[in-house]
Amino acid sequence: KNEVEQSPQNLTAQEGEFITINCSYSVGISALHWLQQHPGGGIVSLFMLSSGKKKHGRLIATINIQEKHSSLHITASHPRDSAVYICAVTEGGNQFYFGTGTSLTVIP
Amino acid sequence: NAGVMQNPRHLVRRRGQEARLRCSPMKGHSHVYWYRQLPEEGLKFMVYLQKENIIDESGMPKERFSAEFPKEGPSILRIQQVVRGDSAAYFCASSPMTDTQYFGPGTRLTVL
């Protein structure tokens, strides 16, 4: 069983839709990260969370420590948001545990 | 401040050859991590290094793989006698003393 589970695995949305990607984890964590990986490209860190909620532009990340759950929301989605979104957690050491990613396609 | 740099970006090797992947961390970062992303799979931790020390290599295959982070110069991930199953994207990340890791662009290794 993976320490980090993401859903859905694949997501297709129309431009402008509100998108939610979910992440559940089974280990005690010190921080949770949301990462973005474009096709053939590198990895960009979007958020690091240990509690509450963070917002950056059209992206919002929330975390519920008691429920061991986090969500990444994208408002007013755009085709350039198409990418793989990866949830990762750290237990306080330095090792990351990664989800398998959610592949998002936003259609114009 | 330049980001994490990895080279080469693409590397092609024949079975049995050696692959050397380099990672230059961000300035001021003394912690380096290597991750592997196999085709159609998620990222997996390989090794965590500080300058001149391997801190955690629990994700490294027992044979053919080694990593170093010398006092001077980049971190090196070395794969000896490569096999087709080693074909993957290898990502390096660096960090200061916090939980935040900054990822490099990755090296895509293809073994023919």
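Taken in sequence, the protein lines are chains Y and F. Each residue of the first sequence is one higher than the one before, starting from -13 at the first, in the numbering used here. Each residue of the second sequence is one higher than the one before, starting from 10 at the first, in the numbering used here. Here a beta-carbon is modelled for each residue, glycine too, at the ideal position from N, C-alpha and C. All of these numbers come straight from a predicted model, not from anything done at the bench.
* Asked: Using a beta-carbon distance cut-off of less than 8 Å, what residues from the region 61 to 77 of chain F approach chain B?
  -> In the structure shown, chain B cannot be found, because the protein chains are Y and F.
* Alpha-carbon spacing of Ser57(Y) relative to Val70(Y), whole angstroms -> Position 71 of the first sequence, counted from the start, is the residue given in the question as residue 57(Y). Position 84 of the first sequence, counted from the start, is the residue given in the question as residue 70(Y). The alpha-carbon atoms of Ser57(Y) and Val70(Y) are separated by roughly 15 Å.
* Using the beta-carbon of each residue, which ones in chain F are nearer than 8 Å to Ser31(Y)? -> Walking along the first sequence from the start, residue 31(Y) turns up at place 45. Simply Thr109, Gln110, Tyr111 and Phe112.
* Between which two residues does the beta strand (DSSP E) carrying Met69(F) extend? -> Start at 1 with the first residue of the second sequence, and residue 69(F) comes out as number 60. Per DSSP, Met69(F) belongs to no beta strand (DSSP E) and is neither H nor E.
* Helix or strand or just coil, what does DSSP make of Arg66(Y)? -> Looking up residue 66(Y) in the first sequence gives position 80. Helix at Arg66(Y).
* Asked: Smallest Cα separation from Ser89(Y): which of Ser16(Y), Ile15(Y) and Leu21(Y)?
  -> Within the first sequence, residue 89(Y) is the residue found at index 103, counting from 1. For the residues Ser16(Y), Ile15(Y) and Leu21(Y), the minimum Cα distance to Ser89(Y) belongs to Leu21(Y).
* Rounded C-alpha distance that separates Ala74(Y) from Lys71(F) -> Your numbering for residue 74(Y) matches position 88 in the first sequence. Your numbering for residue 71(F) matches position 62 in the second sequence. In a straight line, the C-alpha of Ala74(Y) is about 25 Å away from that of Lys71(F).
* Using a beta-carbon distance cut-off of less than 9 Å, what residues from the region -1 to 33 of chain Y approach chain F? -> From the region -1 to 33 of chain Y, only Ser16, Ala17, His19, Leu21, Gln23, Gly26, Gly27, Gly28, Ile29, Val30 and Ser31 have a Cβ closer than 9 Å to chain F.
* Touching by the beta-carbon criterion (3+ pairs, under 8 Å), the region 14 to 33 of chain F and the region 57 to 70 of chain F -> The region 14 to 33 of chain F makes no contact with the region 57 to 70 of chain F; the number of CB pairs closer than 8 Å stays below 3.
* By the criterion of Cβ-Cβ separation under 8 Å, what are the contact partners of Tyr99(F) in chain Y? -> Translated into positions along the second sequence, residue 99(F) becomes position 90. Correct list: empty, because the minimum Cβ distance to chain Y is about 12 Å.
* Asked: Going by C-alpha distance, which of Ser63(Y), Ile29(Y) and Asn8(Y) is nearest Ala(-1)(Y)?
  -> For the purposes of this step, residue -1(Y) is taken as residue 13 along the first sequence, with counting starting at 1. Considering only alpha carbons, the answer is Ser63(Y).
* **Strand pairing of Arg87(F), partner residues [DSSP]** => The sequence position of residue 87(F) within the second sequence is 78, counting from 1. Checking the DSSP bridge columns, you'll see Arg87(F) partnered with Arg29(F) and Ser75(F).
* Using a cut-off of 7 Å between C-beta atoms, extract the partners of Gly115(F) located in chain Y. => The residue labelled residue 115(F) in the question sits at position 106 within the second sequence. The contacting residues are Gly28.
* Do His42(Y) and Ile7(Y) have their C-beta atoms within less than 9 Å of each other? -> For this step, residue 42(Y) is matched to residue 56 along the first sequence. For this step, residue 7(Y) is matched to residue 21 along the first sequence. No, they are not a contact pair.
* Are any of the Cβ atoms in chain Y nearer than 9 Å to that of Lys36(F)? -> Working through the second sequence from its first residue, we reach residue 36(F) at position 27. No, its Cβ sits nowhere closer than 9 Å to a Cβ of chain Y.
* Asked: What residues are listed by DSSP as bridge partners for Phe33(Y)?
  -> For the purposes of this step, residue 33(Y) is taken as the residue at position 47 of the first sequence. According to DSSP, Phe33(Y) bridges with Trp20(Y).
* To do: Within 10 angstroms of the Cβ of Met106(F), are there 16 or more other Cβ atoms? Answer buried if so, exposed if not.
  => One-based indexing of the second sequence puts residue 106(F) at position 97. So Met106(F) counts as exposed.
* To do: Kindly indicate which residue of Gln46(F), Pro34(F) and Ser104(F) has the alpha-carbon position closest to the one of Ile72(Y).
  => Against the first sequence, residue 72(Y) aligns to sequence position 86. When only C-alpha atoms are compared, the closest one is Gln46(F).
* Within 10 angstroms of the Cβ of Gln110(F), are there 16 or more other Cβ atoms? Answer buried if so, exposed if not. => What you label residue 110(F) is simply residue 101 of the second sequence in a count that begins at 1. Buried, because 16 or more other Cβ atoms sit within 10 Å of the Cβ of Gln110(F).
* To do: Quick one: give me the first and last residue of the beta strand (DSSP E) that Thr119(F) is part of.
  => One-based indexing of the second sequence puts residue 119(F) at position 110. For Thr119(F), the enclosing beta strand (DSSP E) begins and ends at Thr116 to Val120.
* Asked: Thinking C-beta only, is Gly115(F) closer than 9 Å to Met14(F)?
  -> To locate residue 14(F), count along the second sequence from 1; it is residue 5. To locate residue 115(F), count along the second sequence from 1; it is residue 106. In this structure, Gly115(F) does not lie closer than 9 Å to Met14(F) by Cβ.
* **Status (buried if at least 16 other CB within 10 Å, exposed otherwise) for Ile163(Y)** => Because chain Y in this structure spans residues -13 to 94, residue 163(Y) falls outside the shown range and cannot be described.
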